[in-house]
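The structure under discussion appears below in the form of C-alpha cells.
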Amino acid sequence: MPDPVIDLRAVGVRLGDTPILRNLDLRVGAGEAIGLIGSNGSGKTTLLRLVATLLAPTEGEGTVLGVSLRSPERFAVRSRIGLIGHTPGLYPQLTLEENLAFVARLSGAPSAEVPEVLDRVGLGLARHRRAAACSHGMQRRGEFARVMLTRPDLLLLDEAHAGLDPQAADLVAYLVKGVRARGGAAVVVSHEHGRIAPLVDRFVQLQAGAIAGSGGGQQ
Amino acid sequence: MTGLWRQALEIARKDLRTELRSGEVLMITVPFGAAALMLIPLAIGVDAPLLDRVGPGMYWSVVLLFGVLVTVRQSAADGAAQMDLLTLLGLDPAARFAGRAGASSLLLLVFETVLAPIALALYGNDPRGWWWVLALLPLVALGLGLLGTLAAAIAASVASTTLVPLIVVPLSVPMLLAATQVTEGIRVGATIFGWLLLLVVMDLLLAVAGVLSARPLQEATR
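In order, the protein sequences belong to chains A and B. Per my numbering, the very first residue in the first sequence carries number 226; after that it's consecutive. Per my numbering, the very first residue in the second sequence carries number 6; after that it's consecutive.
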C-alpha cells in the first residue's frame, strides 16, 4: 500500500479541559476518498481542522501528506491542502474574479485559469459581482472554483452539499474525482449520506469524538 | 511559494481595495476625527494664543485615538474563514503582518493628511511647528499601523478583543509624547533629536516584534 495521505494514531484533541476528539486511528491512502458522518457536535469539523494542520493534536501522533502534525514542516504542506468549510472564505468587498485572482497570486496557481474555473462552476456571468452580493450557494461555488484553481493533494469538504442545488452538487463529485485522479485523497463531511456514497470508498462514523464504525462506500 | 514581500504586497493591495470600497476610514473615521478637533475650539472660545499652543497636542491626540481604531478595525476585518484561507494558501504570517501593517499605515497617513489642514485652520496661527508635524506624519502612521496590527494579532491569539486597548494605550503614549514634543521643540527652539529617535526606535521595535511573533501568534489563534 502506498504511503497514506492521512495517518492518525491514537490522536486526541482537547480544547481546554474538554476532549473533542478521542483516541482516533484513521488512515486514508492515496487515491482514496472517505465520507465522514456523525451527528452535530461529534467532532467532524474538528477532525477536518486537525487534518488541515489548523489544529495540533494534544494526544497521539499523526501525519498528513507525510509530515508530522506536530512538526514545523507542517507549515510547508498547508498549500497542498484544500479546505472548504461551513463559512465561505471569500472577501465580501472583492468580486468573485478578484477573489480568485488573489488566491492565484498567493498560491502560485495560474491566474489565466480564473475565468475558466469560474465558467466551470457556473459563475462566469457573475464574475464581476462582489462576493457580498452573492447568495450562499454562489459563494460555495466560488469556493469550489478556488479548489479547482489550486488543485490540492488533500481535499477536505465540510458539509459538502449544504446550500447547493442539484447542479452544484455535481461539482462535489467533480472535485472528489479530480483529487483522486491526481493521486491525492478526499475527506467529505455530509449529512446526506446517499449523495456522497457514490463518491467515497468508505464511511467513517464519529460519535462523541471517537470513531464508532466504518465501511459502506460504493467506490 | 512567492516571496515574502510579494505576498505582503498582495495582502496590502487587497486590504486597501477593501477599504476603498467599504469607505470606513474616509467616510466614517475622518468626519468623526474632524468633529473631535472642532470640539476644543468650541469649548475654549476664540483664545487664539491658547489654541495655537494646544493645537499640535490636540491634533496628535485625535490622530492617535482615532488612528488606533482605524488600524485595529483593519486588522480585525478578516473572519475565521479568511484566516484559514490565508493559512492554507501557505502565506507566511510575517508577510501577512507586514502587508496588513503597511496598508493600515497608508490609511493612517491619509487620515493624518486630511486632518492636518483642518487642525491648522482651527488652531494654527503659528505655522512653524506644523511643518514639522507634516514631516512626522509617516513616522507616526507607521508606528500606529504596526502597533494596531500587532495588538489585534495578540488579542486574536487569546480570543479577547478587550486586550487591544490594554496593549495599545500604554504603547501609544510614548508616540503621543514624542510627536507633541517634537512639534513643541521646533516652536520654542528646543532639541528634538531624542524624541525623533524615540519614534524611530519604537517603529523598529514594533516591526521586529510583529514579524518575529507573527508565526507563534497565528498558531496560537487556532
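Virtual Cβ for every residue (Gly too), placed ideally from N, Cα, C.
Test: residue i CB closer than 8 Å to a CB of chain B
i      : result
A/P282 : no
A/F327 : yes
A/A258 : no
A/A277 : yes
A/S293 : no
A/Q364 : no
A/S360 : no
A/R303 : yes
A/T270 : no
A/S336 : no
A/G388 : no
A/L331 : yes
A/Y316 : yes
A/T243 : no
A/G434 : no
A/G409 : no
Residues that DSSP places opposite residue i in a beta bridge
i      : result
A/A258 : A/A411
A/L233 : A/L251, A/G287
A/F428 : A/G260, A/G440
A/S293 : A/T288
A/G239 : Note that residue 239 of chain A is Arg in the sequence shown here, rather than Gly. A/R239 pairs with A/P244.
A/A435 : A/Q432
Nearest-angstrom Cα separation, counted from residue j out to residue i
i      : j      : result
A/L380 : A/G307 : 5 Å
B/L14  : A/E286 : 37 Å
A/V342 : A/M373 : 7 Å
A/Q392 : A/E298 : 39 Å
B/L211 : B/T167 : 20 Å
B/G150 : B/D208 : 9 Å
B/A156 : B/L90  : 22 Å
B/A126 : B/A53  : 11 Å
B/V73  : A/R407 : 48 Å
B/P143 : B/L111 : 8 Å
A/G441 : B/L222 : 41 Å
B/A106 : A/D232 : 38 Å
A/V412 : A/R405 : 11 Å
A/F369 : A/S332 : 15 Å
A/Q364 : B/P36  : 34 Å
A/C359 : B/G28  : 20 Å
A/A205 : A/I309 : Only positions 226 to 444 of chain A appear in the structure, and residue 205 of chain A is not among them; the question remains open.
B/L204 : A/A277 : 41 Å
A/D390 : A/S415 : 15 Å
B/P122 : B/A39  : 10 Å
N- and C-terminal bounds of the alpha helix (DSSP H) containing residue i
i      : result
A/I309 : Where A/I309 is concerned, there is no enclosing alpha helix (DSSP H), although the beta strand (DSSP E) it sits in stretches over 306–309.
A/R274 : 269–276
A/L396 : 391–406
B/I33  : Per DSSP, B/I33 belongs to no alpha helix (DSSP H) and is neither H nor E.
B/L14  : 9–27
A/G419 : 418–421
Minimum Cβ-Cβ distance from residue i to chain A less than 8 Å
i      : result
B/E15  : yes
B/S27  : yes
B/T23  : yes
B/L9   : no
B/A158 : no
B/A195 : no
B/A164 : no
B/L96  : yes
B/M6   : With a pLDDT of only 43 at B/M6, under the threshold of 50, the placement of this residue in the model should not be trusted; the figure read from the coordinates follows. Yes, because at least one Cβ of chain A sits closer than 8 Å to the Cβ of B/M6.
B/L90  : yes
B/G60  : no
B/A86  : yes
B/L93  : yes
Endpoints, the beta strand (DSSP E) within which residue i is located
i      : result
A/L381 : 379–382
Near the ligand COA: residue i beta-carbon under 7 Å from a heavy atom
i      : result
B/A124 : Because no ligand of any kind appears in the structure shown, any question about the ligand COA cannot be addressed here.
Those runs of the alpha helix (DSSP H) which lie wholly inside the stretch 59–105 of chain B and span at least 4 residues: 85–93
Segments of 4+ residues assigned as alpha helix (DSSP H) that fall wholly inside the stretch 296–379 of chain A: 299–302, 321–332, 339–345, 361–375
In the stretch 187–213 of chain B, which residue ranges form an unbroken beta strand (DSSP E) of at least 3 residues, counting only runs that do not cross its ends? none
Taking any Cβ of chain D, which residues in the stretch 208–221 of chain B have a Cβ under 7 Å from it, in chain order? Absence of chain D from the displayed structure is noted, the protein chains being A and B.
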